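Accompanying notes for the structure given below.
Protein chains in written order, with our numbering: chain A, 2 to 240; chain B, 224 to 830; chain C, 677 to 1158.
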């Protein structure tokens, strides 16, 4: 708006009106607000996790399993006890993709179209890599181990589904699916959005627009998804 | 949703408002103009409100005359009202949907959706919302959500019947009651759509208030309406996602055999799968983490509207402007840490209960400050008793009456005997129901000329106010005594225990008062729709108000102001200022010696 | 007792009761009465539709064999395609009735006999209820005279509104013609505000005078902690009452006093920090009193240390009734497991646990006066809430999450009857959390009595496990062979 442009040269109070108090566009502000709100969705799931897990604190009949002993597999290394190694790899991949995202945003500031494209591509690869790892992890979890768990009627149950699992109480499996699933859904949508933006970058849309703010916005989202994973990792796997 | 956030750049918030040609569809249906969207919210809200009110009439008749037959029940409800007797299952469905509609569809979307949309851009001095496209989506999610909820009335087994709080296992086990089948699923779908709408709206409101205030509109010059809407939007953004999470888990429990909320449920009751290990109380924690802020999501906009209406019509500045902002913020912060007071008797740890007692009762302090400030604003004013003003006074009265009974319920010890009785029904219908409805009515009477360019009929407005006010007190005040006698809420009839039969007369009285109150709303509906077409033409600033929306022309423009957006030089409450000839000085009038807004801004910055 | 199995869900017994039976002897009807009140009343009554339809004269509509089949397993019966059964099902919103597979034919017949007997005397008994829903479909409505008057009042009130409306619009038109308004709305509304204040306050006083005596708070509390509860309540009532009167009076008085006048200008008075400070401090002080007193009361009531000497009684809630389990001589309840809930063992008591050998299951709650009790709550299906208003006791009853409440009843039922001058008064245990269609009927009598009466009553109640040993054994055998 015209006032805004004339004003930028004038010293006015930060909150005095006529401009953004944070000096960012409304789109980015909205993204921040959306992420704040989405953080609460994740918190609700993690709180649910904490609440239910806490209720098992003194339960000796069906104790909460130790993640070390559930998530100890690694592709091609059958039978080796590698606690949390694979999850750590996943975490690493996701964090790495966040780094490439930072580089893409930085390249955007320099209006370097080629570099933005390259780093976006790497980010997308990282996202897809993470999702593939998660698919393997889920398969492993669902198939279960050879030992399984003996049921009351003498049969042996392997792996997990939403109704029961071999590792421990039912909510252990349920929470695994819902928490990592909901996060995976966020990564998936992040990848889809990244692909759209990537195509736009290649098509020169932002070059024409004169700025790469869209890349910054998806970048915010991507870092958020990354950050959430750190919490999921901490609460679900480590503690 | 993130997708929409990202792509909004394409949907322009460009400077060339008003250029493109408008078709009927783009102007009235898929409108991106905030004023039109406000009207859409309002009218949808009014329709939903009428439906919700009609439901309350039906169950009030049942409660007053449990032995009587009403042949027309069969006419309107089919087999649920067979032989003129209301089916007990459908009674529960009615109270559930009545609660849902009133809490979410009328008092959240209908109230804050309408007035946030209408007033935020106009009062902060913006051409439109930050993202008109998301704003439009917000309405259409709401519309879709309303349709899903209404359609759930017609499914087999009836709509959701577990109370608007849908506690599992009742809501999680499709076999527990008829209403927990398809109806419950549709309820959850409707609420998830509603949450999407609320979030889209909220993101927009916050961004617009923070980023798009006109030059000179400092945060301390915002009208209290805007402060209320801003804080409301923040509350919504932080609490609705939690309901989303809670709803998601409930959907999984219902449809996919998980056990988040279910413990020790035998297989034959839960779709053939034994459910162990979850916690029914978890849902209540998540639900009330939304549920309690929700009360303020409803109430704060109403209080904001009241502040504006009372100041304007008292011809006096609102007393203690900063204290008012402070109490809004205090209420908002506290509202997040008191949800447990809905759960004192779930067997929670008594110490935890004590913490919640403390938080809950502290909320009474900012609420009391607001009340006293309202009363102080009236003192030595020059009160224009317009319908809007009367409704605002009515709100304050309800806020006092209902707020004080909150001190009983917020005290864990007293809650033991009052929890879930009619005392609770009385309490929240007064403080949240009636007060917020009165705020909404006050807003409608006050800003009707802004919305439709015409005035509402005054005498009908007065009749509407007095009938509603008196009947609301007649309906809800006696209910306290029923509650104190131990009559539980959500009872289909009070015939099963002899002691309750002493309340037959009172129930009849309440129902008659409710019917009168309901009839009074017909006056309003007539007045509203009649005035849209035939009301007296409005002048630009009919109430001699200071805020910016009255500087915009009566005829709506895309972009709100024909020329430049007015700049702001003063707070919005310069009414009856000594030394001024007129008793109001709009915000866009410079103070003496202030001519250039840029200079003013610069000099203030240098201080 | 074995027959007193109730597994009721959302269900109704439609035809339980129809009888063509030749000889319904008084004795079978008595037996039937017992069965009926234990199994059927949460969903059925003789004259009224509750969850299921009224059972009056059902014996004339269906033959005995049909009814027996229906009662024992209505779902299967419907699936078999029986036209009548399907019709009944559809007429009642497709809500399935619980199956009573354990009933013998004789038992169903005795219930039918009871219904028959009741149907015959029903017209007299139900004359009081305004419109008894007699099974013959074509009866006319009976409406009380007072209802008529009420309706007339509503109609005439509406008419009055219309007349006033017309008058106003005529007056306004006159005003338009004369060029100045003929109604001074501001004055009228100012006076109305004042009138509302005066009449409203009068109404509030009248309410308190007239209705307070109906509340439980006006009655002697029937439990030890009820006394401190009531004193806390009264403190809150007085403090909030003062606030209520002061603020409402100021609000409406100012509304009247400062109504618009052209000759006066409002006072520009935006702020006064001292004043604001005062009215932040006053509520804060008042609230401190309430919080401190409230928390003292709360911790006194919820003190778990009183547990030791308390007598243990389990209260078990399910759709739509209550069961009590007395711990017996060892004051220890037997273990329970929801998987063991079965036909004879609705509470899922573990019959092999030694503590459950002397457990007694009853459908009334009897308490010994002066004896601290700990009520342990458990639910079968959905959340219920055990509410005993006269004792100031309430606690949610949650499936899978045991809760409890400790209190001491201090006034016997007979004493309370004298105090209230109501010889039919009874304490009650209500369900206070929405749980389904018959939620409003889910209550049981509570009786507080002297030690002597209490033990006399308890001794007549059979022990759950002993009574059902045979069944329990065959159950466990069946399990073993599985």
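Positions of the beta carbon are idealized from the N, C-alpha and C atoms, including for glycine. Just so you know, these numbers come straight off a predicted model, no measurement behind them.
In this chain, the alpha helix (DSSP H) harbouring residue 171 of chain A covers 171 to 204. Taking the C-beta atoms as reference points, residue 499 of chain B is found nearer than 8 Å to residue 486 of chain B. Legend: CB atoms of the segment 489 to 507 of chain B lying less than 7 Å from CB atoms of chain A belong to residues 496, 499, 500, 501, 502, 505.
DSSP, reduced to helix, strand and coil, places residue 1097 of chain C outside both helices and strands of the structure shown, so it counts as coil.
Within the same chain, and ignoring the five residues on either side of residue 132 of chain A in sequence, the residues whose Cβ sits closer than 8 Å to its Cβ are 185, 188, 189, 192. At a cut-off of 8 Å between beta carbons, residue 69 of chain A makes no contact with chain B. Three or more Cβ pairs closer than 8 Å define a contact, and the segment 1032 to 1039 of chain C falls short of that threshold against the segment 1084 to 1100 of chain C. With contacts defined by Cβ atoms closer than 8 Å, residue 507 of chain B and residue 569 of chain B form a contacting pair.
Listed in chain order, the non-local C-beta contacts of residue 198 of chain A below 8 Å within the same chain comprise 121, 215, 216, 219, local neighbours out to five positions each way being set aside. Note on geometry: alpha-carbon atoms of residue 67 of chain A and residue 77 of chain A lie some 23 Å from one another. Look at the beta carbons and you see the segment 655 to 675 of chain B not touching the segment 723 to 741 of chain B: under three pairs across the two are nearer than 8 Å. Closer than 9 Å at the C-beta level to chain C, one finds these residues of the segment 644 to 655 of chain B: 644.
For the segment 160 to 180 of chain A, residues whose beta-carbon sits nearer than 7 Å to a beta-carbon of chain B comprise 163, 164, 170, 171, 172, 175, 179. Here the alpha carbons of residue 283 of chain B and residue 826 of chain C stand approximately 14 Å from one another. Contacts between residue 339 of chain B and chain A, judged by CB atoms closer than 9 Å, are missing: the closest CB pair is about 15 Å apart.
In the structure shown, the three-state DSSP call for residue 1119 of chain C is strand. In the structure shown, residue 749 of chain C falls within a coil segment according to DSSP collapsed to helix, strand and coil. Sorting C:1107, C:1086, C:1108, C:1112 by C-alpha distance to the C-alpha of residue 898 of chain C places C:1086 at the top.
By the C-beta criterion, the segment 1077 to 1084 of chain C is judged not to be in contact with the segment 1098 to 1110 of chain C, since fewer than 3 inter-stretch pairs fall below 8 Å. Across the set B:551, B:781, B:683, the C-alpha of B:683 shows the shortest separation from the C-alpha of residue 753 of chain B. Taking a Cβ-Cβ cut-off of 7 Å, the neighbours of residue 798 of chain B in chain C comprise 942, given in sequence order. The shortest CA-to-CA distance from residue 299 of chain B to any of B:317, B:745, B:709, B:579 is the one to B:317. With respect to the C-alpha of residue 495 of chain B, the residue from A:210, A:137, A:164, A:171 having the closest C-alpha is A:164. Taking the CA atoms as reference points, residue 168 of chain A sits about 40 Å from residue 379 of chain B.
Residues of the same chain with a CB within less than 7 Å of the CB of residue 641 of chain B, apart from the 5 flanking positions on each side, are 631, 632, 647, 706 in chain order. 16, 17, 18, 19, 21, 22, 27: these are the residues of the segment 15 to 27 of chain A whose beta carbon lies less than 7 Å from some beta carbon of chain B, given in chain order. Distances from the alpha-carbon of residue 528 of chain B to those of B:800, B:263, B:668, B:467 put B:668 closest. At least one CB atom of chain C sits nearer than 8 Å to the CB of residue 607 of chain B.
By alpha-carbon distance to residue 867 of chain C, the top candidate from C:934, C:707, C:975 is C:934. Apart from sequence neighbours up to five positions away, no residue of its chain approaches residue 113 of chain A with a beta-carbon distance below 6 Å. Residue 52 of chain A reaches chain B at 502, 505, 508, counting residues in chain order whose Cβ is nearer than 8 Å. Assignment of beta-bridge partners to residue 1061 of chain C by DSSP yields C:1072. When 9 Å is used as the limit between beta carbons, residue 963 of chain C is near these residues of chain B: 584, 585, 587, 588, 591, 630, in chain order.
Contact with chain B is absent for residue 746 of chain C, since none of that chain's Cβ atoms lies less than 8 Å from the residue's Cβ. Secondary structure at residue 1035 of chain C: coil, using DSSP grouped into helix, strand and coil.
Each of C:797, C:948, C:829, C:1018 was checked against the Cα of residue 736 of chain B, and the nearest Cα belongs to C:829.
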